[in-house]
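Data block below; observations after.
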Amino acid sequence: MPSRILKWGSLVALGILSGAGSVFAQDSAWGFPPGRSTIAPEIDHLYTVILWLTGVVFVGVEGLLLWFCIRYRRRPGGKPGYTHGNNTAEIIWTVCPAIILIFIAFYQFSTWKKAKIDFPKMTDPGVVTVQAFARQFNWNFRSPGADGAFGGDDDVIMQKRFCVPVESTVLVPLRSIDVIHSFFIFQMRVKQDTVPGHRGAVWFKPTGFYVAKIDKSAAPYNFQFQKDWHPKDYQKKWEGDFRWMFVASEADFQRDYGSKVVAIDESFQYQDGLMRPSLDSVTSTVLQNNETRKGVPWRDVDYTIVPYEGTCAELCGLNHFTMSFQMFVLPRKAYDLWMANDANNYENQTEKEQWFWQQWKN
Amino acid sequence: MSTEAHADGGHHEFGFFRKYVWSTNHKVIGKQFLWSSIFFLFLAGLLAMCIRWNLAHPNTPVPVVGKILFGGDGAVRAEQFTMLTSMHGTIMIFFVIIPILVGAFGNFLIPLHVGTHDMAFPVLNAASYWVFWLGCILILIAQFIGFHTPDQGAAAGWTAYAPLSTLGGSGMTFWLLAMICVGTSSILGAVNYITTIARMRAPGLGWMRLPLTTWAQFITAILQLIATPVLASALTMLTFERMGFNFFTPGGLFETGDVGKQMVHSGGVVLLWQHIFWFYSHPAVYILVLPAMGMASDLLSVGARKPIFGYRAMVYSIAAIAGLGFIVWAHHMFVSGMNPYLGMAFMVSTMLIALPSSIKVFNWLGTLWRGQIRFDTPTLNAISFVAMFVIGGLSGIFMAATPVDIQIHDTYFIVAHFHYVVFGGSLFAVFGAIFFWFPKMFGRMMNNTLGKIHWLLTFVFFNAVFFPMHITGLWGMTRRYADYTFVPMTMDSMQGLNRMITYSALCLGCTQLIFLFNFTWSIWKGKPAEANPWQANTLEWTVPSPAPEHNYHEIPVVHHGPYEYGAEEQKDWRAQTESGGAAAPEAGH
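Which chain is which? The protein sequence lines are A and B, in order. In short: position in the first sequence from 1, add 79, done, that's this note's numbering. In short: position in the second sequence from 1, add 1455, done, that's this note's numbering.
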């Protein structure tokens, strides 16, 4: 009886597993989210190499295990082979994995060095510095403002979001005022703990940004991305049903969208997985026909720039899960206008916020 | 001390209390550890199911137990969630896996395997359990505080990273005291195991004739003896820091990040906690799996009716894993802000530690090769141990690769990885081992059909729970998040898989009730067991089931290694006490 239970049970189980898997996983993608920084291809390549090496070992070992279970199952009158081992075989299966493991170990040095050791300098051309100051439970960002130096009244202060111009290298010095947090942006392939008392930093270079078309059927107050837009660049199953277009450079942006309407909303509210502007979002910076003006109703807006999402990856307390943030990579003009017109600069901060930034230690 | 206890025990005058509760007998203490860990297994499993429920249906009342545990409408409140994950991890590691592998099976099997009457220090052994028991009470208090006043619970993760743990509420204090107790229990146990195995082996039982279970216990005990005091020092420092001393928290920090309370601490170094904690806790990861490797080896050899393939290599690779286990700790800290050059060194040592594990896997395959595999419940569980450990081991290579770890660190990929090792590995071995040694513990057999049904369902649901976590983790789903609606664009597409994981986890939890029923029912109603129901070779099977109070009337004399299966024509096994046989080699060639 038990052996019949095993046989039929295994078959039924396999059926249930694959059925459930295909139903639940239909929206999911496999592997990393699309890499959109210069280091991403190297990390993804390394991942792929390891996936193949371990994949072959996995199939080989599990296959042999299954085969041995079938082939060497107990039979009436059968006699087991009596052996205590085989030195040659053992040497082979010691040396081969050793070679593979040492290969993997040394193969990754250059990528690690590039990601965590060879940092760009703040003064290098094309480097944009954004300070990240973490606290329970908020990411606070500071850009230098018009004078290009930190510490003045024109510093641009942002909470839970920051913006950088396209085609720039981003350097993010990290500090924490209370406990350990961790700065993680999925598509940039960066993660670094912000350790209180330590001076950490990350750098990355985004390769572009996403533009989404707005579905106006829900206008004027409900706003969502149009679903069937740009199938050619549809990132398979990324971000559920939403579709957006990847723009790699300033030139591409000018060619495809320069004369169209693009909205950048600072006050996206997330509800039910949809992005909606809050009703008082008249302070949104809106770029229309390459001009910025404020207070444009949503019905006049066709496209929007989609932020990259980031999270806190280190347990930092009871509301750890709320510590997400967004990074806007913007076309040059939009970036300049944002920096010039944004009201959230240092002198307009509350006393509390000003006090907070005074705790930053260089 | 041992002779004294022996003389006392010979009179059989003890009442119920001295016999079953305040006992110094290694088998009773082993069973006490077993019962305690099974209780905590179900408690921490319940916590896991609450965690999963909240991830599939955030802010929705948890069915059945919600109102009792969480109050209000029965939904897990966000501030309770981190307490749940912290307590689940802590209890599973320190109150389930370590005590069941080391406390229960180490205690029960070591004196039987080395052919002696009891542990070297029986009173110390009892002390080890009762200190552990004190830890159990303290962790239950921490758990109660966590449910009752969530903001005071122990919610800094099982790793208790400072300064979050420094700031935690009173639950954290009880957590620390509980951990100090289980750490003390581990040290006391380790001294006992090492002495017993090194000094009290039966005549003829050379080192290379020990069963791998006992070898693994021996090396694990050395790990515990060296590593646990380091944890104790870390815990003591943290306890003192919470009283105002300074070890881990630098100056200039503010408790809420708002204008307000400046932390009283200054001059500490945050990463110090992580270095000390992982210097213990990485070896602890091997404490969680080495004894399971030993037991699975024994179960496989008995099940396949073949000697262990490459016995010496198996022993040496356990030792190598233990040795290398001390120089890989900082691979938990690749993105912690530690010097990245140091990360490179730890990456290389981490790659190296995969080697002895791979040798063991190939030797297990070699053991099954040309065997006559008997698919009873212990063997099925042992084979599952190998199959799942392979997945857990291979996924470890991804995070050992530092650049890949940047992406997957602190995501569900890591959660999948260590559950494949600790649940897929250790817990399958534990289920097999309980089934296998049950007759020697209780004198009865567990039900084989129920055992197989439990194995099959556990195997299926285990994979349905933890395999998809690789996918969500690669996608970037971070650990310890109560809900993912704050990263909607990226995480919305993962909600389907998340639900599948949850429903499978609920099924996995219910499946364990089959085990619980089979276990308790068989203690009283199971089929009476003969002395050697599995036709196994090791010494414990030469005495009646259940094992007599002092194990052996006469100390047995050992004539050969423990794995002489298939050497003879008449029967396919040869007990270690049997003399003769044309070739009676030591196990290693």
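Using N, Cα and C, we set each Cβ at its ideal position, and we do this for glycine too.
Exposed is the label assigned to B/Leu1968, since fewer than 16 other Cβ atoms lie within 10 Å of its Cβ.
At least one CB of chain A lies nearer than 9 Å to the CB of B/Trp1930. In the DSSP annotation of this structure, B/His2005 is not part of any beta strand (DSSP E), being labelled neither H nor E. Using a Cβ distance threshold of 9 Å, B/His1737 and B/Val1770 do not count as a contacting pair.
A/Leu409 is outside the set of residues whose beta carbon lies under 9 Å from a beta carbon in chain B. Neighbours of B/Lys1761 in chain A, taken as residues whose beta carbon is under 8 Å from its own, are Pro159, Gly160, Tyr161, Thr162 in chain order.
Residue-level contact check: A/Met406 does not touch chain B, since none of the beta carbons of chain B fall below 9 Å from its beta carbon. Per DSSP, A/Lys270 lies in no alpha helix (DSSP H) segment; the continuous beta strand (DSSP E) that holds it begins and ends at 269-273. Annotation: the stretch 374-441 of chain A contains the following complete segments of the beta strand (DSSP E) (minimum length 3 residues), in chain order: 382-385, 387-391, 404-409.
Going by beta carbons, B/Gln1729 and A/Ile122 fall outside the 9 Å limit. For A/Asp226, the CB contacts under 8 Å within the same chain, skipping 5 residues up- and downstream, are Asp233 in chain order.
Any Cβ of chain A closer than 9 Å to the Cβ of B/Ala1611 would place that residue at the interface, and such an atom is present. At a Cβ-Cβ threshold of 9 Å, A/Val408 and A/Val235 do not count as neighbours. For B/Pro1795 and A/Lys195, the gap between their C-alpha atoms comes out near 6 Å. For A/Lys292, no Cβ of chain B is located within less than 9 Å of the residue's own Cβ.
Taken atom to atom, the span from the alpha-carbon of A/Tyr289 to that of A/Asp331 is near 12 Å.
Within 10 angstroms of the beta-carbon of B/Val1685 lie 16 or more other beta-carbons, which makes it buried.
Contact with chain A is found for B/Met1944, since one of that chain's Cβ atoms lies less than 9 Å from the residue's Cβ.
Looking at the backbone, the Cα of B/Trp1824 and that of B/Ile1506 are separated by about 41 Å. For the alpha helix (DSSP H) assignment, the uninterrupted runs of no fewer than 4 residues enclosed by the stretch 1461-1539 of chain B are, from N- to C-terminal side, 1481-1511, 1521-1525. Rounded to whole angstroms, B/Ile1552 and B/Leu1929 show a C-alpha spacing of 27 Å.
B/Thr2032 places its beta carbon 9 Å or farther from that of B/His2008. Short of 6 Å from the beta carbon of B/Ala1751, and not among the five residues preceding or following it, lie these beta carbons of its own chain, in chain order: Ala1837, Phe1840, Ala1884. In chain order, Asp257 make up the part of chain A whose C-beta sits under 8 Å from the C-beta of B/Glu1710. Taking the C-beta atoms as reference points, B/Pro1618 is found no nearer than 9 Å to B/Met1538. Distance check between B/Gly1707 and each of B/Phe1700, B/Val1719, B/Met1748 places B/Val1719 closest, using alpha-carbon atoms only. When Cβ-Cβ separations below 9 Å define contact, A/Gln333 makes no contact with chain B. Annotated three-state conformation of A/Arg154 is coil, per DSSP.
When Cβ-Cβ separations below 9 Å define contact, B/Glu1534 makes contact with chain A. Take the alpha-carbon of A/Gln433 and the one of A/Arg221: they are about 12 Å apart. In the DSSP assignment, A/Val281 forms a beta bridge with A/Val251. B/Lys1474 and B/Glu1995 have their C-alpha atoms some 21 Å from each other. When DSSP reads this structure, A/Ala213 sits in a beta bridge with A/Trp218, A/Ser255. Checking the DSSP bridge columns, you'll see A/Phe262 partnered with A/Gln271, A/Cys391.
With respect to B/Thr1913, B/Gly1931 sits apart: the two C-beta atoms are not nearer than 9 Å.
Burial check for B/His1864: the Cβ neighbour count within 10 Å reaches 16 or more, so the residue is buried.
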